[in-house]
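Taking it in order: structure first as structure tokens, then the write-up.
There are 4 protein chains.
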Amino acid sequence: MKDGAQTAIIGVTGYAGAELARLLLHHPRLKGMPPVLAGRLDEKDAARGGIPLTEIHPHLAGGPGSAALKLQAFSWKLLAENGVKVLFLATPHEQSREWVPEALARGLRVIDLSGAWRMTEAANRAIYAFKDDGTTQAADIQAQAVYGLPELHRAQIAGAHLIANPGCYATSVILPLRPLAAAGLLNLDAGIVADAKSGVSGSGKAPTPKTHFMYAADNLSAYGVFAHRHTGELLEQIGLHSDQIVFTPHLLPIPRGILSTIYVRFRQPQTRTGLLQIYHEFFTGSPMVRIYENALPQIQYSVRTSYADIGFQVSADGRRAVIVSCLDNLLKGASGQAVQNLNVMLGWGEAEGLE
Amino acid sequence: MKDGAQTAIIGVTGYAGAELARLLLHHPRLKGMPPVLAGRLDEKDAARGGIPLTEIHPHLAGGPGSAALKLQAFSWKLLAENGVKVLFLATPHEQSREWVPEALARGLRVIDLSGAWRMTEAANRAIYAFKDDGTTQAADIQAQAVYGLPELHRAQIAGAHLIANPGCYATSVILPLRPLAAAGLLNLDAGIVADAKSGVSGSGKAPTPKTHFMYAADNLSAYGVFAHRHTGELLEQIGLHSDQIVFTPHLLPIPRGILSTIYVRFRQPQTRTGLLQIYHEFFTGSPMVRIYENALPQIQYSVRTSYADIGFQVSADGRRAVIVSCLDNLLKGASGQAVQNLNVMLGWGEAEGLE
Amino acid sequence: MKDGAQTAIIGVTGYAGAELARLLLHHPRLKGMPPVLAGRLDEKDAARGGIPLTEIHPHLAGGPGSAALKLQAFSWKLLAENGVKVLFLATPHEQSREWVPEALARGLRVIDLSGAWRMTEAANRAIYAFKDDGTTQAADIQAQAVYGLPELHRAQIAGAHLIANPGCYATSVILPLRPLAAAGLLNLDAGIVADAKSGVSGSGKAPTPKTHFMYAADNLSAYGVFAHRHTGELLEQIGLHSDQIVFTPHLLPIPRGILSTIYVRFRQPQTRTGLLQIYHEFFTGSPMVRIYENALPQIQYSVRTSYADIGFQVSADGRRAVIVSCLDNLLKGASGQAVQNLNVMLGWGEAEGLE
Amino acid sequence: MKDGAQTAIIGVTGYAGAELARLLLHHPRLKGMPPVLAGRLDEKDAARGGIPLTEIHPHLAGGPGSAALKLQAFSWKLLAENGVKVLFLATPHEQSREWVPEALARGLRVIDLSGAWRMTEAANRAIYAFKDDGTTQAADIQAQAVYGLPELHRAQIAGAHLIANPGCYATSVILPLRPLAAAGLLNLDAGIVADAKSGVSGSGKAPTPKTHFMYAADNLSAYGVFAHRHTGELLEQIGLHSDQIVFTPHLLPIPRGILSTIYVRFRQPQTRTGLLQIYHEFFTGSPMVRIYENALPQIQYSVRTSYADIGFQVSADGRRAVIVSCLDNLLKGASGQAVQNLNVMLGWGEAEGLE
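In the order they appear, the protein sequences are chains A, B, C and D. Take 23 as the starting number for the first sequence in our numbering and just add one per residue. Take 23 as the starting number for the second sequence in our numbering and just add one per residue. Take 23 as the starting number for the third sequence in our numbering and just add one per residue. Take 23 as the starting number for the fourth sequence in our numbering and just add one per residue.
Okay, structure coming up:
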């Protein structure tokens, strides 16, 4: 496919949606093709032809293109009239479940940022279950979904019609662990520990007691211990049983960014050089992963980029390692990854519009 | 010993020293006996009779007693003339090594907040080594030192002349692990992970690239991986070999507080009730430890208190637990602990002046 | 009046209420007399005899007294049975308007932290208007209210039955300006500017778009320009017409504290010495105000204290000054001030329980 | 001039220098022409051919071009060999004073981000004085300097050889005031107040007591009252006497951004519509200024953009206004402005590389 492809976003009011709009507006292959923004509007906003994007996200003001952009009342007709080919869903998983079947039926290619279609095991998927069931249809659609982590599934993504865009925490744990698991290095009996810390934007835009400034500022708290809904993604994508990894998320007093500190034991002693080689080989041709040769990544280095950063330290006896991975939860953890998937789907350079 | 005991602080210019001065000024047993503050002054400050404490720490202004307090030029004569009985050292370990021998020789009881005398194993102690050696003398003094964690060594502290006040990270890891280790519950072959996060005051008052606001704010970084100098304390006090625990500190973008997330595997399945009982029994008579029955502690709950907070979650199969401990690095992690040791040494209520 | 007086708090769930409970629990005159905590409970909480305070505010756990404290279902009977003499209202002004008449009728002395009774001019008061009017009664009660700024109205407060505890912004502007206005120094034709900045706790505990961490963090915003509801307090207490001062509040990305930068022009040139003398004379006998001799106060110095800090700089020509005042919005700006009023009302030392 | 022009940066190690490198690397007119980075290196770094940029600023890693970039040992020969046409100085003013004369003599066009050449009045300029004097030469060069605020001096900048890039605070005060002053609306007798607040990056990269996280975090402080070195710029560019404006900077606990709250009185009552028209007319053709029609700008909206944002509120009587301006101190306040000047100098679109 050549340049251009009309896109649409449902769910532009949230943080990931805003980042996605920003990325698509500046994408070199989409010049003059701003995304169609659609959602459920109340009567008043529908009557005035939609809500200006800069009214929702004042920081997006300025620059050609953004001023005229409006969030319009969603209808399939709106998408059809605008010639939309790729639909991004930055919506809660319940809404994704609702919209995806018809979108696929109408021939749209869908990149879904929610958790609705990320997992194939029934036990893992339960957490994103269809309320009013429809199990058969869901299973049918699940079968079409490709887990949208290009570093692992590039070929399948290229031809996919439904991309399940990975969770932010999951991305930060799968990318550093998958190469070591694939190489058979890990002592899984000892168990892996993934201690993850995320900024507040990961908790969404709804004002809640936990997103209140007074709760998050000057604080750190662990949550979802032994129970976080991203755990299933880790297990399926790394290839682990649930007792082989403990994953604990924490809420950091910063707006954006994830840092995961991952503790592994090896079956045989390893060297720094050997591990670097494994990572470099695994990520050859993956422009959005940066391996740190001599240092550890920090959250600051990756925030506001679409990179995933990986560094590590090996113990003196070579039997253990501490791996640190960092990424921006809204970019490589959500919208940057979505655009990377778009690039792969349309045969463009994987890093286009992301640097 | 009855009420009162003249105290002195060397090293009041740092964060821990300031907290110590504040605590001693408000201690109910020390009314009308403000601490003597001493240090090395330049000529100008010595000439004007010392530096007013409120000039160094403006937030300590106000209230009776603090206005008149001055940091004076140190001399043994100054301490003697003021009838000092207990000397607090909030100094770098090199200075502590230098001052302690004479202080003990002069009959002072010393509470040393530095790392100089915390460890007995030569390998662990090396990091705080005496530059201009004097090994024999050091060994002699080390033999008198008691590790100042009242929850573990209350009886010895009561009679001690030299207290090695524990490290802040060490306290946050030893307190939650020692009860489980003592009960023989831990599967040490699988290894323990202690993932610790600390606010910036733990890095000291000196302006450095790493304490710059632009480095720490909106950031998180791991450091000292497999190499932090508090590791030796963990090993000796919990009773572990160095390959049985990995301890990784991180720098949090907050002023104060430590949260340690600790991952253990058990030799036999455990229940929440059973573990709660073990903790309650171990910490009976320990007023500065709070066990969380139904929730996890957060940094905010312990900051500006002298408590150590401990909570945990057990996995469904009972074979693993995630333990979260929190404390204020300047209080239970330094000066609050020092006052707690003072209380034990003088036979006062352990929590006096700390609530 | 001698030691002791049973107190009660309505509205302990908010930030000011929590600070008030903490202060009363540790007040030296109220040992063994913890405040009665009352409010509207749902059935479940009423059935279990109330909500433990530490469940609402985990950071208040620890220490004797606080563990047993519960928020109970409000009734006049509850207050009577507990012998309550002084009632603190940390409630929205609508609720204060509702409760105060009966509380006064029952002989309680009331300290109301809301804005309900702060202003006497009808135009200023309008903003806190009684919805379902009852104008006559309100006017009657308003006549009994004393503006609870001890530095201005100490004598009246001593005998008052209804204290209108000042607004946090208002306190930070009235205290530095009243002495200069009273001395007739200000050129009011040129206009005074009060540029105020407050931490997020000033916006209350309810999760709203403006208290979301993502809104407040890394940000600064002005609001309520020419329209903030504290303006009336400034005018009445300093003695100004509304075109003689512009007051602009801003939302700071910090939990607590207010800094107001105030710009004045003088009718005659002034000196630093002369102004210091005016401030010292005005605040003689006012232990909760700190005048800075040679520096400017900063928010950090006053946060977690009940002091109001004042410093200033005079222009070279002596005709203008920039005055900086700082205080903790929850303490001198709310609960500390309320306890100061309690001390004055009961004839205790004005600073007791506040240092 | 057509596309391209070789640039060089001296002073890339600081915050402004890093932003400048980033902007030039991504400038659409400078593809394949990365800036030459030069500075004074120690022997070791000179011997290894310079310091990789990503070693100094890890967050700049990734993307084509940046990986190979090195900070090299400065020499005029280096600049000549690389065909440098435009030299950016992101250095302290003492170094700018030292380098500019020779740079001009060698035919380079210079954009100096320091304060060295910003002011023409001797009294104002004194603060950036040449230590080892050379007054004559300095006066000669000062005469060539153009104040680099394109919104005021676009035509002169186009032909200039030496641009004095404005101060960050100055930009945030001049842009909103100049249009009103030029229209003769301001009552200057009443005096203007400019209350400015800046993030910590404005204080530079050197670790000092005031850039320590513990000083800046959870704090706000005023500084440089009646004495800030940007004041002279305000006076000269707006056209004011020093007693007609008070400018007070404050240090905000955020990394980036300036918000200035400006208080003016009018000679005649004004309306919102009238003032909007004045601003729109003044800034016609100025793509980097955004006028807010119905709201006030906030720091967050402008951070990480090169825009200056302006909004205001008029009092009910039309005689006073509160104007709020925001910008990113490192972009419109430094490096973005420098690139804007580059664009004007080379006849490119003024906003190129800045959106």
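Positions of the beta carbon are idealized from the N, C-alpha and C atoms, including for glycine.
1. Are there 16 or more other CB atoms within 10 angstroms of the CB of residue 131 of chain B, so buried, or fewer, so exposed?
2. Can you tell me where the alpha helix (DSSP H) with residue 52 of chain C in it begins and where it stops?
3. Pull up the CB-CB distance for residue 351 of chain D and residue 187 of chain D, whole angstroms please, since I reckon it's below 8 Å.
4. Give me the residue from C/377, C/370, C/366 and C/360 with the minimum Cα distance to residue 136 of chain C.
5. Please classify residue 138 of chain A: does DSSP put it in a helix, a strand, or coil?
6. Look up residue 287 of chain A in the DSSP assignment and give the residues it is bridged to.
7. Among residues of its own chain, excluding the 5 on either side of residue 182 of chain A, which ones have a beta-carbon nearer than 7 Å to its beta-carbon?
8. Quick one: which chain A residues come within Cβ less than 7 Å of residue 238 of chain C?
9. For the alpha helix (DSSP H) that contains residue 123 of chain A, what are its first and last residues?
10. Keeping to the same chain, check which residues put their C-beta closer than 6 Å to that of residue 330 of chain C; ignore five residues upstream and five downstream.
11. With 8 Å as the threshold, decide whether the Cβ of residue 312 of chain D is near any Cβ in chain A.
12. If we define contact as Cβ-Cβ less than 8 Å, is residue 260 of chain B a contact residue for chain A?
13. For the stretch 207-221 of chain C, enumerate the residues whose C-beta is nearer than 7 Å to any C-beta of chain D, in chain order.
14. So is residue 318 of chain A in contact with chain B if we call contact Cβ pairs under 8 Å?
15. I'd like to know whether the C-beta of residue 188 of chain B is nearer than 8 Å to at least one C-beta of chain C.
16. With distance defined between alpha-carbon atoms, name the residue in A/52, A/38, A/313 and A/334 nearest to residue 189 of chain A.
17. So, with DSSP's three-state summary, where would you put residue 213 of chain C?
18. From which residue to which residue does the beta strand (DSSP E) around residue 94 of chain A run?
19. Using a Cβ-Cβ cutoff of 7 Å, what residues of the stretch 49-81 of chain B are near chain C? List them in chain order.
20. Taking only beta-carbon atoms, is residue 223 of chain C less than 8 Å away from chain G?
21. Using a Cβ cut-off of 7 Å, pull out every chain D residue sitting near residue 322 of chain A, in sequence order please.
22. Report all residues from its chain with a CB closer than 6 Å to the CB of residue 335 of chain B; omit the five preceding and five following residues, and keep chain order.
23. Check whether the Cβ atoms of residue 262 of chain D and residue 242 of chain D lie closer than 8 Å to each other.
24. Output, in sequence order along the chain, the residues in the stretch 252-277 of chain B whose CB is closer than 8 Å to any CB in chain A.
25. Listing by chain order, which chain A residues have their CB less than 8 Å from the CB of residue 365 of chain B?
26. Give the DSSP-derived three-state secondary structure of residue 194 of chain D in the structure shown.
27. First and last residue of the beta strand (DSSP E) that includes residue 254 of chain B?
28. Using a Cβ-Cβ cut-off of 8 Å, state whether residue 37 of chain A counts as contacting chain B.
29. Flag this pair as yes or no: are the beta carbons of residue 100 of chain B and residue 75 of chain B separated by less than 8 Å?
30. Might you give, ordered along the chain, the residues of its own chain that have their beta carbon closer than 6 Å to the beta carbon of residue 365 of chain C, omitting 5 neighbours on each side?
31. If the criterion is Cβ atoms closer than 8 Å, does the pair residue 105 of chain B and residue 28 of chain B meet it?
32. Assuming residue 311 of chain B is part of the beta strand (DSSP E), what are its boundary residues?
33. Should residue 225 of chain D be labelled buried (16 or more other beta-carbon atoms within 10 Å of its own) or exposed?
34. Quick one: what's got a C-beta closer than 7 Å to residue 327 of chain C's C-beta in the same chain, skipping five residues either side?
35. Restricting to Cα atoms, I'd like to know which of B/300, B/110 and B/170 is closest to residue 192 of chain B.
36. Using DSSP's beta-bridge definition, name the partner residues of residue 131 of chain D.
Per the coordinate set shown:
1. With 16 or more other Cβ atoms within 10 Å, it is buried.
2. Neither: residue 52 of chain C is in no alpha helix (DSSP H) and is coded neither H nor E.
3. Their Cβ separation, rounded to whole angstroms, is 12 Å, which puts residue 351 of chain D and residue 187 of chain D out of contact at 8 Å.
4. Considering only C/377, C/370, C/366 and C/360, the residue with the shortest C-alpha distance to residue 136 of chain C is C/360.
5. If DSSP states are grouped into helix, strand and coil, residue 138 of chain A belongs with coil.
6. A/342, per the DSSP bridge assignment.
7. Listed in chain order, the non-local C-beta contacts of residue 182 of chain A below 7 Å within the same chain comprise 168 and 367, local neighbours out to five positions each way being set aside.
8. Under a criterion of Cβ atoms nearer than 7 Å, the residues of chain A adjacent to residue 238 of chain C are, in order, 235.
9. Its alpha helix (DSSP H) spans residues 115-127.
10. Taken in chain order, the residues that qualify are 197, 311, 349 and 354.
11. So, interface residue.
12. So, not an interface residue.
13. So the close ones are 212, 213, 215, 217 and 219.
14. True, the Cβ-Cβ gap to chain B drops below 8 Å.
15. No Cβ of chain C is located within less than 8 Å of the beta carbon of residue 188 of chain B.
16. When each option's Cα is compared against that of residue 189 of chain A, the closest is A/38.
17. DSSP places residue 213 of chain C outside both helix and strand once states are collapsed to three, so it counts as coil.
18. Residues 92-95.
19. Cβ contacts with chain C come from 80 and 81.
20. Among the protein chains of the structure shown, namely A, B, C and D, there is no chain G.
21. Chain-ordered, the chain D residues with CB closer than 7 Å to the CB of residue 322 of chain A read 81.
22. Around residue 335 of chain B: 344.
23. Not a contact, by the Cβ cut-off of 8 Å.
24. Cβ proximity to chain A below 8 Å picks out 265, 268, 270, 272, 274, 275, 276 and 277 from the stretch 252-277 of chain B.
25. None at all; the shortest Cβ gap to chain A is about 28 Å.
26. Three-state DSSP puts residue 194 of chain D in a helix.
27. Taken as a continuous stretch (DSSP letters only), residue 254 of chain B belongs to no beta strand (DSSP E), being part of the alpha helix (DSSP H) at 253-256.
28. No - not a single Cβ of chain B is within 8 Å of the one on residue 37 of chain A.
29. Here residue 100 of chain B is not near residue 75 of chain B, since their CB atoms are 8 Å or more apart.
30. Within the same chain, residue 365 of chain C has close Cβ partners 372 and 374.
31. Against a cut-off of 8 Å, the Cβ pair of residue 28 of chain B and residue 105 of chain B comes out as a contact.
32. Where residue 311 of chain B is concerned, the enclosing beta strand (DSSP E) stretches over 311-313.
33. Burial call: buried.
34. In its chain, beyond the 5 residues on either side, 350 and 353 have a beta carbon closer than 7 Å to the beta carbon of residue 327 of chain C.
35. For residue 192 of chain B, the nearest C-alpha among the options comes from B/170.
36. Beta-bridge pairing links residue 131 of chain D to D/108.
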